[in-house]
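Asker:
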Amino acid sequence: MAPFRSQPYPVDLYQPGAVDATRFQVTFTDRKGELALVAGGEVSYTTGARSCTCVDFTLGDKVCLHIRARERAFRRFAREYRLQLPSPPRPLWAEDIGE
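The following block contains the structure:
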C-alpha cells in the first residue's frame, strides 16, 4: 500500500508588522491528520499538533508559523476526509459551576 499523501493546502499567514503574507503549502502525510509537511519556499518541516522540526517552534507563548499553518489547513483537511474536529480549548478562567 502506498504511503498516504493529501493534496497540498495553500495557507497565507501574516506576521506582526508584515505587509505581505508568508505563503505555506501544507501536505498531510497521515490519514488522521496527525503529521504534515509544511513547506515555505524551498524548506519544509514536519509538524504535528504540538511539535515541529524547526529550531524555534515555540517563541515565548506563541508557536511557530509552521504549526499555525498546519492548524489552519487541518480544518479543511478534516472536512474533506470526514474527521472530527477537536473542540476548542476552554480558557483557563472558565470554570464549571455546579449546584
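End of the sequence shown = 107 in this note's numbering, gap-free, step of one.
All C-beta atoms in this analysis are idealised placements derived from N, C-alpha and C, irrespective of residue type, glycine included.
Pick out the complete beta strand (DSSP E) segments inside the segment 35–89, 3 residues or longer, and give them in chain order.
Answerer: 44–48, 51–55, all fully within the segment 35–89.
Asker: If we count the other Cβ atoms within 10 Å of its Cβ and call it buried at 16 or more, is Tyr17 buried or exposed?
Answerer: Label assigned to Tyr17: buried.
Asker: Please check the pair Arg78 and Val27, which I expect to be a contact at CB under 8 Å, by giving their CB distance rounded to whole angstroms.
Answerer: In fact, because the Cβ distance is near 24 Å, the residues do not count as touching under 8 Å.
Asker: Give the C-beta separation of Phe36 and Gly48 to the nearest angstrom, bearing in mind that I take them to be a contact with Cβ-Cβ under 8 Å.
Answerer: Not confirmed; about 16 Å, so no contact.
Asker: Would you give the residue range spanned by the beta strand (DSSP E) that Pro94 belongs to?
Answerer: That residue, Pro94, is in no beta strand (DSSP E); it is neither H nor E in DSSP.
Asker: Under the three-state reduction of DSSP, which class applies to Phe32: helix, strand or coil?
Answerer: In the structure shown, Phe32 sits in a strand (DSSP, three-state: E or B).
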